[in-house]
Amino acid sequence: MDFSKHGIFVERTLALVKPDAINKADEIETIILNHGFTVLEKRRIILTAEQCSDFYS
């Protein structure tokens with residue numbers, strides 16, 4: 049949860065695409081956009097084993 053510079057409440061969501069679905073990343077993004085979300089930033093990174101375990105613990 050965040051407030052914009054104009055004091056308007058903004059909710060942010062982080063979406064992660066697993067490696068086995070990366071070939072469908074464009075399709076997944078289209079679905080996200082079609083459900084009313086706005087993509088503010090995209091990054092393609094490779095997480096370390098420790099970073100992955102932080103998400104799944």
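In terms of this note's numbering, the sequence shown is residues 49 to 105.
Using N, Cα and C, we set each Cβ at its ideal position, and we do this for glycine too.
Source: prediction; values computed, not measured.
Among residues of its own chain, excluding the 5 on either side of residue i, which ones have a beta-carbon nearer than 7 Å to its beta-carbon?
{"i": "V65", "result": "A73 and I76"}
Could you spell out the range, first to last residue, of the alpha helix (DSSP H) harbouring residue i?
{"i": "E59", "result": "Careful: E59 lies outside any alpha helix (DSSP H) and carries neither H nor E."}
{"i": "E89", "result": "Careful: E89 lies outside any alpha helix (DSSP H) and carries neither H nor E."}
{"i": "N71", "result": "Run containing N71: none; DSSP gives neither H nor E here."}
I need the DSSP call for residue i, collapsed to helix, strand or coil.
{"i": "E98", "result": "helix"}
{"i": "K66", "result": "coil"}
Strictly under 8 Å for the Cβ-Cβ distance: is residue i near chain B by that measure?
{"i": "T61", "result": "Checking the listed chains, one finds no chain B in this structure; it contains a single protein chain."}
Near residue i, what residues of its chain come up, given a Cβ to Cβ distance below 6 Å and the 5 sequence neighbours on each side ignored?
{"i": "Q99", "result": "none"}
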